[in-house]
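Numbering (my numbering), first residue to last: 1 to 356. Glycine included, C-beta positions come from ideal geometry on N, C-alpha and C. In what follows, a single structure is set out as structure tokens and then discussed.
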Amino acid sequence: MSDALVRLSKIRKTYGALVALDDIDLKIEQGQFVVLLGPSGSGKTTLLSILGGFVTPTSGEVLINGEDQTSTPPARRPTVTVFQDYALFPHMSVRDNVGFGLAMRKVARAERRSRADAILETVGLEGLGERRIQQLSGGQRQRVALARAIVVEPSVLLLDEPLGALDLKIRRQMQEELVELQRRIETTFVHVTHDQEEAMHIADVIVVMNHGRIEDIGSPERVYLQPKSLFAATFMGDTNILNGQVAGVSGKTAKLETSVGPLVADGAAEAGNIVHLSIRPEQLRLGKAPGHGNVPLGKVRVTSAVFQGANRLCHAVSTSDPEIRWIIRQPPQTGIALDDVLEISAKQTDIVMLRD
Ligand code: ADP
Ligand code: MG
Numbered sequence: 001m002s003d004a005l006v007r008l009s010k011i012r013k014t015y016g017a018l019v020a021l022d023d024i025d026l027k028i029e030q031g032q033f034v035v036l037l038g039p040s041g042s043g044k045t046t047l048l049s050i051l052g053g054f055v056t057p058t059s060g061e062v063l064i065n066g067e068d069q070t071s072t073p074p075a076r077r078p079t080v081t082v083f084q085d086y087a088l089f090p091h092m093s094v095r096d097n098v099g100f101g102l103a104m105r106k107v108a109r110a111e112r113r114s115r116a117d118a119i120l121e122t123v124g125l126e127g128l129g130e131r132r133i134q135q136l137s138g139g140q141r142q143r144v145a146l147a148r149a150i151v152v153e154p155s156v157l158l159l160d161e162p163l164g165a166l167d168l169k170i171r172r173q174m175q176e177e178l179v180e181l182q183r184r185i186e187t188t189f190v191h192v193t194h195d196q197e198e199a200m201h202i203a204d205v206i207v208v209m210n211h212g213r214i215e216d217i218g219s220p221e222r223v224y225l226q227p228k229s230l231f232a233a234t235f236m237g238d239t240n241i242l243n244g245q246v247a248g249v250s251g252k253t254a255k256l257e258t259s260v261g262p263l264v265a266d267g268a269a270e271a272g273n274i275v276h277l278s279i280r281p282e283q284l285r286l287g288k289a290p291g292h293g294n295v296p297l298g299k300v301r302v303t304s305a306v307f308q309g310a311n312r313l314c315h316a317v318s319t320s321d322p323e324i325r326w327i328i329r330q331p332p333q334t335g336i337a338l339d340d341v342l343e344i345s346a347k348q349t350d351i352v353m354l355r356d
């Protein structure tokens with residue numbers, strides 16, 4: 001038996017020949033902020049809808065609080081969903097929107113009012129209870145949608161791209177607020193986004209999805225630094241991918257043939273395997289490789305160098321093969337200029353070897 005708040009096992013969802021979700025196993029613990037991250041069409045909304053009860057899986061099981069909820073309708077689950085378009089009632093006041101779920105649960109008017117007002121304060125909309133929805137900004141509408149969801153005190157709050165309609169600045173601000181709110185109310189959040197930066201900002205656990213499958217799952221730090229798949233490595237921000245073939249293995253280290261020459265990398269592989277090395281732009285080191293534990297990656301010629309305030313972002317090509325392109329991120333004070341020829345290397349422990 002498991003004490004996880006939510007457990008999905010062997011979830012599969014098909015629409016005719018289309019496989020929207022395939023073999024999804026997922027465990028969510030009480031109080032976690034979980035982010036489903038993936039490109040459009042990867043199955044995020046379908047998975048969230050299966051959690052919320054709006055979609056029934058073709059096969060597999062949904063357990064919430066240890067109970068089988070696979071076929072339980074949305075209103076009878078301990079979940080609430082915030083949709084991307086908020087689905088607010090435009091003709092009702094803010095307070096009545098927020099109190100709607102309580103009215104459905106037959107909570108008396110006076111209590112509805114006081115609970116709605118308390119929640120409006122929680123989301124920073126104190127005193128706006130009388131307003132109409134049309135009189136609110138995008139960010140305020142977002143807060144009303146959140147207030148309406150959390151006022152019924154769900155075990156799990158499901159959010160489908162809730163910040164998608166907001167412009168960048170408000171989006172970043174709302175990300176901070178969401179995290180703060182989640183800490184305060186200690187409710188489990190499952191949040192869908194296709195924005196990797198957003199996922200990194202808010203998640204305790206990131207679930208990387210692609211083609212209806214989970215590619216990787218873990219803390220933002222682990223998924224970024226030690227991704228489990230080529231897709232997870234490339235979707236979680238900029239990275240350099242160097243292809244190679246395993247020439248031999250000794251212990252946990254593989255000898256590889258790559259387009260920048262022979263090198264070694266850590267990880268499980270067998271001779272003959274095609275592998276991909278992922279090296280983050282900020283992990284590349286400039287200058288002659290300082291010996292043990294450092295893997296030389298050859299010489300590159302700088303094709304662009306842009307000062308970005310917090311860092312200097314460069315593009316470069318290998319001198320041995322201009323088809324091999326590099327993204328290099330260094331501290332802003334690093335002097336790198338167009339057409340510089342530099343030796344690059346990376347710490348062996350920073351290089352992630354991924355199977356084909
Ligand atoms: P995401 O939210 O990651 O963009 P979705 O979960 O909405 O992805 O969709 C996953 C796949 O399932 C897509 O190929 C989509 O077209 C398909 N799909 C989703 N809902 C339906 C439906 N009701 N009928 C047919 N196909 C659907
Ligand atoms: Mg979607």
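- The three-state reading of DSSP puts GLY309 in coil, since its state is none of H, G, I, E or B.
- Only exposed fits MET104, as fewer than 16 other CB atoms lie within 10 angstroms of its CB.
- Excluding five sequence positions before and after THR45, the CB atoms of its chain that fall closer than 7 Å to its own CB belong to ASP160, VAL192, given in chain order.
- Assigned with DSSP and collapsed to three states, ILE202 falls in helix.
- Judged by beta-carbon spacing, ARG115 lies within the 9 Å limit of VAL151, meaning their Cβ atoms are closer than that value.
- Taking the Cα positions, ARG172 is about 8 Å away from GLU198.
- Collapsing the DSSP output to three states places LYS255 in a strand.
- In this structure, DSSP gives LYS288 a state outside helix and strand, which the three-state scheme calls coil.
- Comparing alpha-carbon positions, the option among LEU277, GLY60, GLN330, GLN30 lying closest to ILE185 turns out to be GLN30.
- A distance of 9 Å or more separates the beta carbons of VAL275 and ARG301.
- GLY293 is a Cβ neighbour of THR349, given a cutoff of 9 Å.
- It is roughly 27 Å from the alpha-carbon of THR303 to the alpha-carbon of VAL264.
- If only complete runs of 4 or more residues are kept, the stretch 143-190 shows the alpha helix (DSSP H) at 168-185, in order along the chain.
- Between VAL35 and LEU51, the CB-CB gap reaches or exceeds 9 Å.
- Leaving aside the five residues that flank LEU242 on each side, the residues in its chain whose CB is nearer than 6 Å to its CB run, in chain order, THR258, LEU277.
- Put simply, the residues with a CB less than 5 Å from any heavy atom of the ligand ADP are TYR15, ALA20, SER40, GLY41, SER42, GLY43, LYS44, THR45, THR46, in chain order.
- Annotation for THR334: no beta strand (DSSP E) segment contains it, and DSSP assigns it neither H nor E.
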